[in-house]
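**Student:**
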Amino acid sequence: MTDPAGSAGGGAAGRYGRELFTPEDPREPERIDDAAQVYDPVTTRVLRELGTGPGLRCLEVGAGTGTVARWLLEGAGVTEVVALDRDTRALAALGLPGLRVLTADVTDEDLDPGTFDLVHARFVLMHLPGRRRLVSRLAGLLNPGGVLVIADAVELPDTRDRSSAYRRTMDAMWAALRTTIGTDLTEVPAYPRCLREEGLREVGAEVFCPPLVPGGPAARFWSGTWRRIRPELEASGLVDAQVMEQALAYLESPDLAELGPGMATVWGRRP
């Protein structure tokens, strides 16, 4: 999951997978796959409804452990998937017919992967600088009739609960991600307009916010995420060790009742 105007995070110099969430950590694939369990059913449904199927050449940006790439090949029956990521060790091990693994950085100006009938990027642009420029670049990779699908995180917080350990920890996480690696959710609602500005048609969008269930994959994902970046959360000054322990315990409690951070999926088609 690979996991939110210009340069992100007010000039944050860090990068996802380098300063935070390094792929070398043995817990990282499990954390990514927990998120995939939550969001893959939504992603694959949208892709199928947009006509994804045999004969298509697809680009999967930030392919992670390859769950969407696998579905495109085995579930949708597309002809080829180019799975792009900076770390492709998990992808190389899949060995799927029709899978082409491309170890690269999508922000590399010299990158030329070709053109595609489908370009999909989930929880990628939110972590990168110059995301508006990247939207334009990804749209430029579409063949006529091709579809660009971008999905990033959105938050629908309970505005009457700003002081609970859960809310304070979630807010600290977004602040720490923005400061450290430039993650920014503020432009996500503008994605439909961005796609229209790129000349795409049939622009559509939907938002999915999964309820957090104790022991469920969404709760496990956020617990794993908070534990991975706990030093950064406590360094933010918004939470301390006691608050963190309360928030982590809440994610495992039968009292857990929250709308977790959601996913906004936006798409448009090249005429």
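In our numbering, the protein residues as written are 2 to 272.
Using N, Cα and C, we set each Cβ at its ideal position, and we do this for glycine too.
Values in this document were obtained by computation on a predicted structure and should not be read as measured data.
Report the start-end ranges of each beta strand (DSSP E) in the segment 53 to 135 that is 3 residues or longer and not cut off at the edges.
**Tutor:** Those beta strand (DSSP E) runs which fall completely within the segment 53 to 135 and span 3+ residues are 58 to 62, 81 to 86, 100 to 104, 117 to 123.
**Student:** DSSP three-state call for R291: helix, strand or coil?
**Tutor:** Summary: the structure shown does not reach residue 291, with the chain confined to residues 2 through 272, and so no result is reported for it.
**Student:** Are G261 and A219 close, meaning C-beta to C-beta below 7 Å?
**Tutor:** Your numbering for residue 261 matches position 260 in the sequence shown. Your numbering for residue 219 matches position 218 in the sequence shown. It is a contact, given that the beta carbons lie within the stated cut-off.
**Student:** Is the distance from the Cβ of V82 to the Cβ of L73 below 7 Å?
**Tutor:** Numbered from its first residue, the sequence shown carries residue 82 at position 81. Numbered from its first residue, the sequence shown carries residue 73 at position 72. Yes.
**Student:** Measuring alpha carbon to alpha carbon, tell me which of V69, G131, L135 ends up nearest P42.
**Tutor:** To locate residue 42, count along the sequence shown from 1; it is residue 41. With distances taken between Cα atoms, P42 lies closest to V69.
**Student:** Check F22 in the structure and name its three-state DSSP category.
**Tutor:** For the purposes of this step, residue 22 is taken as residue 21 along the sequence shown, with counting starting at 1. Correct three-state label for F22: coil.
**Student:** According to the Cβ coordinates, are A154 and M171 closer than 7 Å?
**Tutor:** Taking the first residue of the sequence shown as position 1, residue 154 is located at position 153. Taking the first residue of the sequence shown as position 1, residue 171 is located at position 170. No.
**Student:** The alpha helix (DSSP H) that contains P193, what's its start and end?
**Tutor:** Counting from 1 along the sequence shown, the entry for residue 193 is found at position 192. Counting along the chain, the alpha helix (DSSP H) containing P193 begins and ends at 192 to 198.
**Student:** Would you say G147 touches the ligand NAP, meaning its beta carbon is less than 6 Å from a heavy atom?
**Tutor:** With respect to small molecules bound, the structure shown includes none, and the ligand NAP cannot be examined in it.
**Student:** For a quick check, are the C-beta atoms of V120 and P193 less than 7 Å apart?
**Tutor:** As a working mapping, residue 120 is identified with position 119 in the sequence shown. As a working mapping, residue 193 is identified with position 192 in the sequence shown. Going by C-beta atoms, V120 is not nearer than 7 Å to P193.
**Student:** Using the three-state DSSP reduction, which class does V43 fall into: helix, strand or coil?
**Tutor:** As a first step, residue 43 must be located in the sequence shown, where it is residue number 42. Residue state, collapsed to three classes: helix.
**Student:** Under 8 Å by Cβ, that's how I've got A166 and E233 pegged, so tell me the actual separation to the nearest angstrom.
**Tutor:** Your numbering for residue 166 matches position 165 in the sequence shown. Your numbering for residue 233 matches position 232 in the sequence shown. 17 Å between Cβ atoms; not a contact.
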